[in-house]
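These protein sequence lines map, in sequence, to chains A and B. Residue 131 in the numbering used here sits at position 131 of the first sequence, with consecutive numbering throughout. Position in the second sequence counted from 1, then plus 171, gives you the numbering used here. Backbone N, C-alpha and C define an ideal beta-carbon position, used for all residues, glycine too. One structure below.
There are 2 protein chains.
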Amino acid sequence: MSETRAKVARPAAKDARKVPMRDFSQSLPMALLRAREAVMRQFRPNLRQHGLTEQQWRILRALAAVDVIEVTELARVAFLLGPSLSRILRDLEARGLILREVDSRDMRRGVLSISSKGMKLIAQVAPSSEAIYASIASRYGTRKLAALHKMLGELELSIGGDLAPDDSGDG
Amino acid sequence: MSETRAKVARPAAKDARKVPMRDFSQSLPMALLRAREAVMRQFRPNLRQHGLTEQQWRILRALAAVDVIEVTELARVAFLLGPSLSRILRDLEARGLILREVDSRDMRRGVLSISSKGMKLIAQVAPSSEAIYASIASRYGTRKLAALHKMLGELELSIGGDLAPDDSGDG
DNA sequence: CGCAGATGATTAACATGTTAAGTTTCTGCC
DNA sequence: GGCAGAAACTTAACATGTTAATCATCTGCG
C-alpha cells in the first residue's frame, strides 16, 4: 500500500492551508469523470481489438441506426465537436467503413451512411460490447442503473445542456 | 427541435436495420459524458479567463490541499495519466505556479508543492468556481446532488475502479 | 560488488478535445 | 443580378488522452 504522503511543511505558502474550496471528493466533474472512466475501462480493450476508438465506435453506432445523416446532425447525436468529427470521418471513409456524398440541394452539406463493411464490423463488435454492458448492469443493479440514467438526464436538463458539446449559448 | 433526419434508404446495408445494439439513449458512457460536459461548460469560461485548463486547475487544487506530494501520488489524486501530468507539470513549473525538487532518498521521485504565486491564483479563481458550483447545486437540488454523488461512487466500486485512469489490472 | 528486474518518471506517437480562423456555398435583401 | 451576412464544414494550433517505449534509479539476490 502507498501510505498517502502529506509531509510536514517546507515549501511555500502552506501555513495558510485554508484554501476556500471544497475537497476533490465533492467535485461533481471529478465524480462523473471517475465513473465514466471506470465504465470505459471495461469497453476499451474490446474496441481496441477491432481497431476502433471510443469515438469511432460512437459514430458507427449512430450511422447504423439511420439510413443517412448529415455531418452536423451526426455531431449532435454522437456528441462530438465538429473538428473531431471531421478528422474521424476522413479516417473512417479512408478505411471504407462509411460512405459520404454531397447533398445535391445544398452543396455545403455532407451526407453520410454506413457501408456494408462498417455493418459487418459492428456485427463483430456488438456482442462483446453488449455482454460487458450486461455485466455492469448486473453488478450495479438494473434498477439502480435506470435511476442513475434518470438522474444524469435531469442534471443535464437542470443545467440547460441540450446542446452539442460545443455550441456556447452566446451566439 | 430540429426534425431528426433519417431519409429513405439509398446507400448500403440498410435493409437489415436490426443492429444488435441498444440505442444511444441507453448508453451509460454517453450519459456520463453528456452530464459531465454540461457541468464543465459552466466552469470552463471562468478557468479560461485565468489562463487555466480544467486539468491544470485540478492539479493546483490538489497541490493546495497538501504540503508536498509525489508525482505518482498526484496523478492518482488528480486522476491524470502520467504522460499528461508530465507535460502539465513542465508548463506549470515554467509559469512559476508550482515548485519541484527531487527526493533526496530516492532520486527517481519528484516532489511537488504549490508556490505562493499558485496560491494567489487559486484565491482568484476559487470564488467564482464555488459560486458556479453553488448555482448547480441549487438548481439540481442539494439533496439530489448528494444522492448522485453516492450513486456514482457506488458505480465505480461495483465495477472495481479504485485505480488511476491508467493502471490496467494485468500488472 | 554487480547485475537482473522492478519502479518512477519522461518521451514518443497518434487520436481526440477545444477554440479560432478559413473556405465554400446559401439566403435574404436591395 | 449581386452583395453582405449566415451556415456548414474544414483546417489550424495547441492541450490532453492513451498506449508503448525509453531512461534513470533503486532493490533484491547471488
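According to DSSP, what are the bridge partners of residue i?
| i | result |
| --- | --- |
| residue 59 of chain A | In the DSSP output, where bridge partners are listed per residue, residue 59 of chain A has none listed. |
| residue 110 of chain A | A:102 |
| residue 240 of chain B | B:283 |
Measuring alpha carbon to alpha carbon, tell me which of the options ends up nearest residue i.
| i | options | result |
| --- | --- | --- |
| residue 192 of chain B | A:63, A:75, A:48 and A:50 | A:63 |
| residue 213 of chain B | B:256, B:230 and B:308 | B:308 |
| residue 57 of chain A | A:114, A:34 and A:108 | A:114 |
| residue 119 of chain A | A:66, A:79 and A:102 | A:66 |
| residue 243 of chain B | B:256, B:222 and B:271 | B:256 |
| residue 129 of chain A | A:147, A:33 and A:49 | A:49 |
| residue 122 of chain A | A:81, A:157, A:53 and A:143 | A:53 |
| residue 24 of chain A | B:250, B:209, B:217 and B:222 | B:250 |
| residue 211 of chain B | B:328, B:200, B:275 and B:304 | B:304 |
| residue 277 of chain B | B:331, B:319, B:241 and B:230 | B:241 |
| residue 116 of chain A | A:29, A:33 and A:60 | A:60 |
| residue 262 of chain B | B:316, B:302, B:226 and B:274 | B:226 |
| residue 145 of chain A | B:313, B:330 and B:317 | B:330 |
| residue 326 of chain B | A:141, A:154 and A:153 | A:141 |
| residue 131 of chain A | A:103, A:83 and A:46 | A:46 |
| residue 51 of chain A | A:108, A:95, A:104 and A:149 | A:95 |
Step through the CB atoms of chain A and report whether any lies within less than 9 Å of the CB of residue i.
| i | result |
| --- | --- |
| residue 200 of chain B | yes |
| residue 281 of chain B | no |
| residue 327 of chain B | yes |
| residue 301 of chain B | yes |
| residue 206 of chain B | yes |
| residue 277 of chain B | no |
| residue 268 of chain B | no |
| residue 324 of chain B | yes |
| residue 310 of chain B | yes |
| residue 293 of chain B | yes |
| residue 258 of chain B | no |
| residue 203 of chain B | yes |
| residue 175 of chain B | Here residue 175 of chain B scores only 41 on pLDDT, less than 50, and its place in the model should not be relied on; the value that follows carries that caveat. True, the Cβ-Cβ gap to chain A drops below 9 Å. |
For chain B, is any of its Cβ atoms less than 9 Å away from the one on residue i?
| i | result |
| --- | --- |
| residue 159 of chain A | yes |
| residue 102 of chain A | no |
| residue 62 of chain A | yes |
| residue 40 of chain A | yes |
| residue 26 of chain A | yes |
| residue 136 of chain A | yes |
| residue 149 of chain A | yes |
| residue 22 of chain A | yes |
| residue 93 of chain A | no |
| residue 10 of chain A | Residue placement at residue 10 of chain A is poorly supported in this model, since its pLDDT is 44, which falls under 50; the coordinates are not used for a value here. |
| residue 58 of chain A | yes |
| residue 145 of chain A | yes |
Exposed or buried, which one is residue i when buried takes at least 16 other CB atoms within 10 Å?
| i | result |
| --- | --- |
| residue 35 of chain A | buried |
| residue 247 of chain B | buried |
| residue 68 of chain A | buried |
| residue 135 of chain A | exposed |
| residue 202 of chain B | buried |
| residue 322 of chain B | buried |
| residue 111 of chain A | buried |
| residue 296 of chain B | buried |
| residue 272 of chain B | exposed |
| residue 209 of chain B | buried |
| residue 198 of chain B | buried |
| residue 81 of chain A | exposed |
| residue 157 of chain A | exposed |
* Return the residues of the segment 243-256 of chain B that lie within a Cβ-Cβ distance of less than 9 Å from chain A, sorted by chain order. => So the list reads 243, 244, 247, 248, 249 and 250, given in the order they occur along the chain.
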